[in-house]
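Numbering (this note's numbering), first residue to last: 1 to 167.
Here it is, written out as structure tokens:
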């Protein structure tokens, strides 16, 4: 359980940039934005500001501290991610790249091209073609809000992430 949850955390801490599993989605419509404007809102360098995990059995968000994560979304929808930190007594890092697709006005799908997960010094390759589905919105102050779900060991987890433009 700890390994699955920790892996899920490192992958989702930078939302859709890696995907060694498929997630569920929950979406809200944003019809006032055109597809081009929405993509323009996502293009840039992002850094993790805040992350929480909410296990369904608790119903209370648990803050995730001790992670740094940065990523870049390019105008051609490619993206890269670098993240690292510790969770449940283990050290994790992730470095990878892939492509973002928008399925509607509020849902993104990230498809992995290449990625490496390192857990306590042991490398694992992310599966090319793996996907994560996540709902998102960009606030007026350019904060990217991401939400996705992961089922692990019979428990459903909700991941909420806040990212800000980093330059």
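The beta-carbon is built from N, C-alpha and C at its ideal position, and this holds for glycine as well.
Give me, in chain order, the residues of the same chain whose beta-carbon lies closer than 8 Å to that of residue i; leave out the 5 immediate sequence neighbours on both sides.
{"i": "residue 124", "result": "116, 117, 118"}
{"i": "residue 154", "result": "none"}
{"i": "residue 57", "result": "155"}
As a quick exercise: from the options, pick the residue whose alpha carbon is nearest that of residue i.
{"i": "residue 80", "options": "67, 108, 94", "result": "94"}
{"i": "residue 104", "options": "56, 141, 137", "result": "137"}
With a threshold of 6 Å on Cβ separation, who are the neighbours of residue i within its own chain once the five nearest residues in sequence on each side are excluded?
{"i": "residue 77", "result": "99, 100"}
{"i": "residue 44", "result": "165"}
{"i": "residue 54", "result": "61, 158"}
{"i": "residue 42", "result": "73"}
Less than 9 Å between the C-beta atoms of residue i and residue j, yes or no?
{"i": "residue 91", "j": "residue 121", "result": "yes"}
{"i": "residue 96", "j": "residue 142", "result": "no"}
If I'm right that residue i touches residue j with Cβ under 8 Å, what's the distance once you round it to whole angstroms?
{"i": "residue 145", "j": "residue 139", "result": "7 Å"}
{"i": "residue 107", "j": "residue 74", "result": "Not quite, the Cβ-Cβ distance comes to about 20 Å (not below 8 Å), so this is no contact."}
Enumerate in chain order the residues of its own chain whose CB-to-CB distance from residue i is below 7 Å, with the five nearest sequence positions on each side excluded.
{"i": "residue 52", "result": "61, 62, 63, 64, 160"}
Should residue i be flagged as near chain C, meaning a C-beta pair shorter than 9 Å?
{"i": "residue 129", "result": "The structure shown contains no chain C; it is built from a single protein chain."}
Cβ contact (3+ pairs, closer than 8 Å) linking the segment 44-56 and the segment 156-165: Result yes; three or more Cβ-Cβ pairs closer than 8 Å.
Taking contact to mean at least 3 C-beta pairs separated by less than 8 Å, is the segment 51-63 in contact with the segment 71-89? No, the segment 51-63 does not touch the segment 71-89.
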